[in-house]
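Encoded as structure tokens, the structure appears first; notes follow it.
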Amino acid sequence: MIINQDEHCCDSPKEKGVVSDGAVDGRKYDGEKQKILFVLKEPYEEGDDRSILGNWHIREVVEKWVTDVRLDIPTYFNICKTLSAIWNVPYSRELISRVAIVNVKKNPGCTKSVEDEIEIAFESNSIEIIRQINSLKPDLVIFGGTAHHFEKHFSVSKVKVDGECNFVNIDFASNGKKTLCLCVWHPAYSKYPGTVIPEITNLLTKLGKLK
1 MIINQDEHCC DSPKEKGVVS DGAVDGRKYD GEKQKILFVL KEPYEEGDDR SILGNWHIRE
61 VVEKWVTDVR LDIPTYFNIC KTLSAIWNVP YSRELISRVA IVNVKKNPGC TKSVEDEIEI
121 AFESNSIEII RQINSLKPDL VIFGGTAHHF EKHFSVSKVK VDGECNFVNI DFASNGKKTL
181 CLCVWHPAYS KYPGTVIPEI TNLLTKLGKL K
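Anchor point for the sequence shown: position 163 equals 163 in our numbering, and the numbering is continuous, going up by one each time.
This is the structure:
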């Protein structure tokens, strides 16, 4: 069933400064046989006065990036490179519209994330984040520098295998159904394409999860 595009979104837009997130395009996401969710640290927005930032949806920035090749956003580029490898399709900026992105911290951050702020945000937003994940029902979760928060929350430990990315299986809905979660660097990491993506494909190939 195709659901309303906004049903998978963070439903706290009335809170000042919040950046809503979730499925970039609800219809495309729901139409995917392999639903992929990226859980990242925080949205980014430039501006000296932090008090007036936020109040937008990540979809707005994604759409601008997809249509304007002059925009350089390494996070989105590497997300699309990851999808190209997992789905075995040519690289395209359009690929990002087929996934979901959820941030731990819902307010805009600066160029470099402050880990203490991310940790506090997870403690504050964990119920909403897990609700979002359960609403999205992903087949695969990719934690971009955020896995440790979920490991602690769900009392689980990641599996480490040389040459493959670390992973953990989490029962987000507490119903006995576990979701495969990859524990990797944030997509903005400079060595992501040459280091992280091969480790992802090595693991998923072994598990039979590549398209």
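Where a beta carbon is used, it is the ideal one built from N, C-alpha and C, also for glycine.
Status (buried if at least 16 other CB within 10 Å, exposed otherwise) for residue i
| i | result |
| --- | --- |
| P90 | exposed |
| R98 | buried |
| L71 | exposed |
| G22 | buried |
| N78 | buried |
| I127 | exposed |
| L203 | buried |
| V25 | Note that residue 25 corresponds to Asp in the displayed sequence, not to Val. Buried is the call here. |
| I2 | At I2, the pLDDT of 28 sits below 50, so the modelled position is not reliable; the number obtained from the coordinates is stated separately. Result: exposed. |
| T146 | buried |
| T82 | buried |
| V18 | buried |
| V62 | buried |
| V196 | buried |
First and last residue of the uninterrupted alpha helix (DSSP H) at residue i
| i | result |
| --- | --- |
| V104 | Looking at the DSSP string, V104 is not in any alpha helix (DSSP H), and its letter there is neither H nor E. |
| T201 | I197 to L207 |
| Y62 | In the sequence as displayed, the identity of residue 62 is Val instead of Tyr. Start and end: I58 to T67. |
| I130 | E115 to L136 |
| L83 | P74 to W87 |
| G26 | G26 to D30 |
| F154 | A147 to F154 |
Nonlocal neighbours in the same chain, by C-beta distance under 6 Å from residue i, ignoring five residues either side
| i | result |
| --- | --- |
| P74 | A188 |
| N166 | K158, K160 and C183 |
| N88 | K211 |
| T201 | A85 |
| N55 | none |
Cβ-Cβ separation, residue j to residue i (assumed contact under 8 Å), whole Å
| i | j | result |
| --- | --- | --- |
| E42 | G109 | 4 Å |
| L140 | I36 | 5 Å |
| L210 | G144 | The pair is not a contact, with the Cβ atoms about 19 Å apart (cut-off 8 Å). |
Same chain, Cβ closer than 7 Å to residue i, neighbours up to 5 away in sequence not counted
| i | result |
| --- | --- |
| S270 | Not covered by the structure: residue 270. The range shown for the chain is 1 to 211. |
| V156 | V168 and I170 |
| S113 | K41 and E42 |
| F154 | I170 |
| Y192 | N78 and W185 |
Other residues of its chain near residue i: CB distance less than 8 Å, five sequence neighbours each side excluded
| i | result |
| --- | --- |
| Q129 | Looking at the sequence shown, residue 129 is not Gln but Ile. Hits under 8 Å: V39, V102, V104 and F122. |
| Q5 | In this prediction, Q5 has a pLDDT of 40, which is less than 50 and means its spatial position is unreliable; what the coordinates show is noted afterwards. Here the set comprises A23, D25, G26 and R27. |
| E199 | G163, E164, C165 and V184 |
Start-to-end residues for the beta strand (DSSP E) that takes in residue i
| i | result |
| --- | --- |
| I36 | I36 to L40 |
| G144 | L140 to G144 |
| L95 | No beta strand (DSSP E) contains L95, which DSSP labels as neither H nor E. |
| L182 | T179 to V184 |
| V168 | N166 to I170 |
Would you say the stretch 13-33 touches the stretch 156-176, given that touching needs at least three Cβ pairs under 8 Å? no
Counting pairs of Cβ atoms below 8 Å between the stretch 122-130 and the stretch 99-106, do you hit three or more? yes
Check whether the stretch 160-167 and the stretch 126-135 are in contact - that is, three or more C-beta pairs closer than 8 Å. no
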